[in-house]
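A.B. asks: Just passing along the structure, written as structure tokens.
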Amino acid sequence: MSSINYSDPDMQEIFEGFLVETNELLEGLSQDLIEMETNSDDIELINRIFRSFHTIKGSSSFMGFNVIADITHHAEDILNKLRRFELAVSQEIIDVLFEVQDWISLLIGKLKEGEDTTVDYSKTIERIEELKSANLAAQQSEATKESAEEPAAGIGETQSHLEAVLANTEMISRPGDFSDEELAMIQAAFEEVNSAFKEELATHSLEEVEMTDIAPLEEADAATDDVPPAAVITNQPTAPPPPASHTEKEQAKNGSKLSKATASDTIRVDVNRVESLMDLSGELVLGRNRLAQITELIGQEFENKDKIRDLIETTSQIDFVTSEIQAAVMRMRMVPIGKLYQRAPRIVRDLSKEFGKKINIVVQGEETEIDRGIIEELNDPLVHMIRNSCDHGIESAEVRIKAGKPANGTITLDADQEGNNIVLRISDDGAGMDPEKLKAKAIERGVITPEQAAQMSAREAYQLIFSPGFSTAAKVTAVSGRGVGMDVVRTNIQHLKGIIDIESELGKGTTFIVKLPLTLAIIQGLLVRVQNETYALPLSSVVEVVAIDLDSIHSVNHQEVIRIRSEVLPIIRLDNALSVKYPKESLENRYVVNVGLGVQRVGLVVDELLGQQEIVIKSLGEYLGGITGIAGSTILGNGRVIMIIDVADLIESIYQNSFM
223 MSSINYSDPD MQEIFEGFLV ETNELLEGLS QDLIEMETNS DDIELINRIF RSFHTIKGSS
283 SFMGFNVIAD ITHHAEDILN KLRRFELAVS QEIIDVLFEV QDWISLLIGK LKEGEDTTVD
343 YSKTIERIEE LKSANLAAQQ SEATKESAEE PAAGIGETQS HLEAVLANTE MISRPGDFSD
403 EELAMIQAAF EEVNSAFKEE LATHSLEEVE MTDIAPLEEA DAATDDVPPA AVITNQPTAP
463 PPPASHTEKE QAKNGSKLSK ATASDTIRVD VNRVESLMDL SGELVLGRNR LAQITELIGQ
523 EFENKDKIRD LIETTSQIDF VTSEIQAAVM RMRMVPIGKL YQRAPRIVRD LSKEFGKKIN
583 IVVQGEETEI DRGIIEELND PLVHMIRNSC DHGIESAEVR IKAGKPANGT ITLDADQEGN
643 NIVLRISDDG AGMDPEKLKA KAIERGVITP EQAAQMSARE AYQLIFSPGF STAAKVTAVS
703 GRGVGMDVVR TNIQHLKGII DIESELGKGT TFIVKLPLTL AIIQGLLVRV QNETYALPLS
763 SVVEVVAIDL DSIHSVNHQE VIRIRSEVLP IIRLDNALSV KYPKESLENR YVVNVGLGVQ
823 RVGLVVDELL GQQEIVIKSL GEYLGGITGI AGSTILGNGR VIMIIDVADL IESIYQNSFM
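Going by this note's numbering, the sequence shown opens with residue 223, and the numbers climb by one from there.
Here it is, written out as structure tokens:
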């Protein structure tokens, strides 16, 4: 552990910055290592991975976290051999680099929680040493170099010579460590590269010169513990670089402006500050709503007064500005959904190896934005759904080929915004779900009765996989078969005020559809009256509203239902469900609000519809937070506190009452 005192506020800020930066680098490493499997000859990719590990090593060493710096240093060693073509990218190398990344993630987590960072990663180090000492055939090494050096062979040859010189000098830490003879060798090698570059310029236009061949040279050892080539040259006179063209100068000038603008336009803000600002904007929305209602009441009484018109105009302006502020604060909390999807390729890769299947992953809609709080809560559900697709959905290569499918299965992650909601789709092109098998398994597990199964549609049968204790796995593995997993998915999504649906077709595949609000702080609500009480229903859960026709009300298994066109819905009288005093017996002149949770639909009986309003969700706190059917509270424009209905809770209660 570090000997630095992190109780000091300044050092604490540095420590938190270290955690943020390292986690960002680890996320990028996961994607880059996956890409390395398909682009093993991309030297720029290898250099980028090297720089990420090196940055982690340098910052860890500075912070005094030597255990992280040590294992990262070993990863650097093997990447250096890849950069110098002393090793070729192999599956074993990628696997061990993933191991190093996992160790770093584990250690970062321990540091964040203040736990002991003593771990034994000696086996990973042993694997690295074995791979480093592996000797490649001379022909393979030469072939790799030649393919990487096309088309500017002259520059590539001198580059290889220079790299060999730099390697042989065994640079340590600063120019003073070199002998005069070593400095002369390095200087001669650099001049050789410079001459070759000038010859290329003399025979080709600037655009035709292949710059990628000298990129490794510019970066070689510049970011390592060795002395950067530029630092060596400063002790000796060098040949001037070739003059830049006018176009080059303009591009450099514009690029410089762009990089400065990008750097200055981005700042890191403490999450707590954003949360505080979000709370204040919520209070502003409540104040705006109250001011608007007071203005409306005054305007109705003194409609012809000039001052009243001024008040109405001012209120309208405040309404506009408040909405803009609230939208701006919400955007501050929004992050691309791609941040959630970053872990997916690694999960699919590991599960593919575990199951012996060939699975590709396609990610779409990464730029779609969602509240950061929701993203954090979605991590576990996403992992469970991907695991389900890999285990139960995608077939083995042999089965797929017999069915006329490609040997490689495909999992697709997609995201799109629909109004004030975001829709996630997790699809696979696997075997699909058999609703009859699901029903049979559910009856066997005691989840439903045969009578209930007979009444269920295929889409309702798909929802059975979310039942606690339900599993179709033939055997228990590390991934499935324990009866836990998918029930957690639905619980977490309901907690986020979202709904999940499933579409499936035998032999074609399965799609999980998750619909979530963009944010959990401020939502659109439908205000309804039940007796003398007013309630708010999340508008995202409302399908439609209909006036009650007494002829459409029936009773099935002692449960009231309403027929709306071709659909039959169970109905809940809100006055009974919420224990409102003096509930009405008659349904005459009342309304049914059709609300949904996945494929499940319920009609909520209310007395009056009061309109739509933007509402701020307030928690009921620890003492009142467990009230059945209530998700929270909000404050109306007249200062009155009203409850927000928990639609998912009400639907669950009625469907657990044996109505399917």
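Don't be surprised by glycine CBs; every beta carbon is placed ideally from N, CA and C.
What do you reckon, are the CB atoms on Phe-688 and Val-711 nearer than 8 Å?
C.D. replies: For the purposes of this step, residue 688 is identified with residue 466 of the sequence shown, where counting begins at 1. For the purposes of this step, residue 711 is identified with residue 489 of the sequence shown, where counting begins at 1. Yes, these two residues count as a Cβ contact at 8 Å.
A.B. asks: Using the C-alpha atoms, what's the distance from Gly-854 back to Glu-807?
C.D. replies: As a first step, residue 807 must be located in the sequence shown, where it is residue number 585. As a first step, residue 854 must be located in the sequence shown, where it is residue number 632. In a straight line, the C-alpha of Glu-807 is about 28 Å away from that of Gly-854.
A.B. asks: Following the continuous beta strand (DSSP E) through Thr-191, name the residue where it begins and the one where it ends.
C.D. replies: Since the displayed the chain opens at 223 and closes at 882, residue 191 lies outside it and no answer follows.
A.B. asks: Let me know the secondary structure DSSP gives Asn-245 once reduced to three states.
C.D. replies: Reading the sequence shown from its first residue, position 23 is the one you call residue 245. Note: Asn-245 maps to helix in three-state DSSP.
A.B. asks: Just how far apart, CA to CA, sit Pro-603 and Ile-347?
C.D. replies: Locating residue 603 in the sequence shown gives position 381, where the first residue counts as 1. Locating residue 347 in the sequence shown gives position 125, where the first residue counts as 1. Whole-angstrom Cα-Cα distance: 34 Å.
A.B. asks: Relative to the C-alpha of Ser-344, which candidate in Glu-308, Gly-336, Val-311 and Thr-294 has its C-alpha closest?
C.D. replies: Within the sequence shown, residue 344 is the residue found at index 122, counting from 1. Here the closest residue by C-alpha is Thr-294.
A.B. asks: Under the three-state reduction of DSSP, which class applies to Val-449: helix, strand or coil?
C.D. replies: Numbered from its first residue, the sequence shown carries residue 449 at position 227. The predicted position of Val-449 is uncertain, since its pLDDT is 34 and thus under 50; no value can be drawn from it.
A.B. asks: Assign Gly-843 to buried or exposed, taking buried as 16 or more other Cβ atoms, counted over all protein chains shown, within 10 Å of its Cβ.
C.D. replies: The count along the sequence shown starts at 1 and reaches residue 843 at position 621. With fewer than 16 Cβ atoms within 10 Å of its Cβ, Gly-843 is classed as exposed.
A.B. asks: Taking DSSP as the reference, what is the three-state secondary structure of Gly-703?
C.D. replies: Locating residue 703 in the sequence shown gives position 481, where the first residue counts as 1. Any reading at Gly-703 needs caution, since the residue's pLDDT is 41, under 50, leaving its predicted position unreliable; the model's value is listed next. In this structure, Gly-703 counts as coil in the three-state DSSP scheme.
A.B. asks: In chain order, which continuous runs of the alpha helix (DSSP H) of length 4 or greater are located wholly inside the segment 286-312?
C.D. replies: 288-305, all fully within the segment 286-312.
A.B. asks: So, for Asp-501: in the same chain, excluding its five sequence neighbours on each side, which residues have a beta-carbon less than 6 Å away from its beta-carbon?
C.D. replies: Here the question's residue 501 lines up with position 279 in the sequence shown. No residues qualify anywhere along the chain.
A.B. asks: Considering only the alpha carbon of each residue, which of Arg-305, Val-341 and Ala-566 lies closest to Phe-287?
C.D. replies: The residue you call residue 287 lines up with position 65 of the sequence shown. The shortest C-alpha separation from Phe-287 is found at Val-341.
A.B. asks: If you measure between the beta carbons of Ile-794 and Val-824, is that distance less than 8 Å?
C.D. replies: Numbered from its first residue, the sequence shown carries residue 794 at position 572. Numbered from its first residue, the sequence shown carries residue 824 at position 602. Yes, Cβ-Cβ distance for Ile-794 and Val-824 is below 8 Å.
A.B. asks: How many angstroms separate the CA atom of Val-828 from the CA atom of Asp-797?
C.D. replies: Mapped onto the sequence shown, residue 828 falls at position 606. Mapped onto the sequence shown, residue 797 falls at position 575. Cα to Cα, the separation comes out at about 8 Å.
A.B. asks: Between the C-alpha atoms of Asn-714 and Glu-351, what's the straight-line distance to the nearest angstrom?
C.D. replies: The residue labelled residue 714 in the question sits at position 492 within the sequence shown. The residue labelled residue 351 in the question sits at position 129 within the sequence shown. Their backbone Cα atoms lie some 44 Å apart in a straight line.
A.B. asks: Going by DSSP, what residues sit across from Lys-737 in a beta bridge?
C.D. replies: On the sequence shown, position 515 is the one that residue 737 refers to. DSSP lists Val-645 and Ile-721 as partners of Lys-737.
A.B. asks: If we ignore side chains and look at the alpha-carbon of each, how far apart do Ser-801 and Asn-754 end up?
C.D. replies: Within the sequence shown, residue 801 is the residue found at index 579, counting from 1. Within the sequence shown, residue 754 is the residue found at index 532, counting from 1. Those two C-alpha atoms are separated by around 12 Å.
A.B. asks: By Cβ distance below 7 Å, which residues in the same chain neighbour Val-507 in space, the five residues on each side in sequence not counted?
C.D. replies: As a first step, residue 507 must be located in the sequence shown, where it is residue number 285. Result list for Val-507: Thr-544, Gln-548, Ile-744, Glu-836 and Val-838, in chain order.
A.B. asks: What does the alpha-carbon distance come out to for the pair Met-556 and Glu-246?
C.D. replies: Here residue 556 refers to the residue found at position 334 when the sequence shown is read from its first residue. Here residue 246 refers to the residue found at position 24 when the sequence shown is read from its first residue. Distance between the alpha carbons of Met-556 and Glu-246: 17 Å.
A.B. asks: Is the segment 568-585 in contact with the segment 605-614, if contact means three or more CB pairs nearer than 8 Å?
C.D. replies: The segment 568-585 is in contact with the segment 605-614.
A.B. asks: Do Ile-885 and Leu-740 have their C-beta atoms closer together than 8 Å?
C.D. replies: Since the first residue of the chain shown is 223 and the last is 882, residue 885 is not available in this structure.
A.B. asks: Helix, strand or coil for Lys-840, going by three-state DSSP, please let me know.
C.D. replies: In the sequence shown, residue 840 corresponds to position 618, counting from 1. Note: Lys-840 maps to strand in three-state DSSP.
A.B. asks: With Lys-737 and Gly-654 assumed to form a contact (beta carbons below 8 Å), what rounded beta-carbon distance in angstroms separates them?
C.D. replies: Locating residue 737 in the sequence shown gives position 515, counting from the first residue. Locating residue 654 in the sequence shown gives position 432, counting from the first residue. Contact doesn't hold; Cβ gap of about 22 Å is too wide.
A.B. asks: So which of Asp-871, Val-584 and Ile-670 has the shortest CA-CA distance to Ile-256?
C.D. replies: Here residue 256 corresponds to residue number 34 of the sequence shown, with the count starting at 1. It is Val-584.
A.B. asks: Going by CA-CA distance only, name the one from Thr-634, Ile-633 and Glu-617 that's closest to Gly-626.
C.D. replies: Counted from its first residue, the sequence shown places residue 626 at position 404. Nearest of Thr-634, Ile-633 and Glu-617 to Gly-626, Cα basis: Glu-617.
A.B. asks: Using three-state DSSP, classify Gln-362 as helix, strand or coil.
C.D. replies: Looking up residue 362 in the sequence shown gives position 140. Interpretation of Gln-362 is limited by its pLDDT of 48, a score under 50 that renders its predicted location unreliable; the figure taken from the coordinates is listed afterwards. Gln-362 falls in the helix class under three-state DSSP.
A.B. asks: If you check the beta carbons only, do Ile-608 and Val-570 fall under 8 Å apart?
C.D. replies: The count along the sequence shown starts at 1 and reaches residue 608 at position 386. The count along the sequence shown starts at 1 and reaches residue 570 at position 348. Against a cut-off of 8 Å, the Cβ pair of Val-570 and Ile-608 comes out as a contact.
A.B. asks: Assign Asn-816 to one of three DSSP states: helix, strand, or coil.
C.D. replies: One-based indexing of the sequence shown puts residue 816 at position 594. Asn-816 falls in the strand class under three-state DSSP.
A.B. asks: What residue range is occupied by the uninterrupted alpha helix (DSSP H) comprising Thr-346?
C.D. replies: By one-based count along the sequence shown, residue 346 stands at place 124. Counting along the chain, the alpha helix (DSSP H) containing Thr-346 begins and ends at 344-354.
A.B. asks: Just mark Asn-816 as buried or exposed, buried being the case when its beta carbon has 16 or more other beta carbons within 10 Å.
C.D. replies: Here residue 816 refers to the residue found at position 594 of the sequence shown. Per the 10 Å Cβ criterion, buried.
A.B. asks: Could I get the ranges of all uninterrupted alpha helix (DSSP H) runs contained in the segment 510-585, with 4 residues as the minimum, in chain order?
C.D. replies: With a minimum length of 4 residues, the continuous alpha helix (DSSP H) runs that stay inside the segment 510-585 are 528-555, 560-563 and 566-577.
A.B. asks: State yes or no: is the C-beta of Val-869 within less than 8 Å of the C-beta of Leu-772?
C.D. replies: On the sequence shown, position 647 is the one that residue 869 refers to. On the sequence shown, position 550 is the one that residue 772 refers to. Their beta carbons are not under 8 Å apart, which means Val-869 does not touch Leu-772 by this criterion.
A.B. asks: Could you work out which residue in Asp-650, Leu-646, Gln-677 and Glu-789 is closest to Asn-630 when comparing CA atoms only?
C.D. replies: Taking the sequence shown and counting its residues from 1, one reaches residue 630 at position 408. Per the Cα distances, Asp-650.
A.B. asks: Taking the C-alpha atoms as reference points, what is the distance between Met-285 and Asp-254?
C.D. replies: Position 63 of the sequence shown holds residue 285. Position 32 of the sequence shown holds residue 254. Rounded to whole angstroms, Met-285 to Asp-254 spans 25 Å at the Cα level.
A.B. asks: Go ahead and pull the three-state DSSP assignment for Ile-849.
C.D. replies: Your numbering for residue 849 matches position 627 in the sequence shown. In the structure shown, Ile-849 sits in coil (DSSP, three-state: anything other than H, G, I, E or B).
A.B. asks: Given that a residue counts as buried once 16 or more other Cβ atoms are within 10 Å of its Cβ, and exposed if not, what is Arg-622?
C.D. replies: For the purposes of this step, residue 622 is taken as the residue at position 400 of the sequence shown. Answer is buried; the Cβ neighbour count reaches 16.
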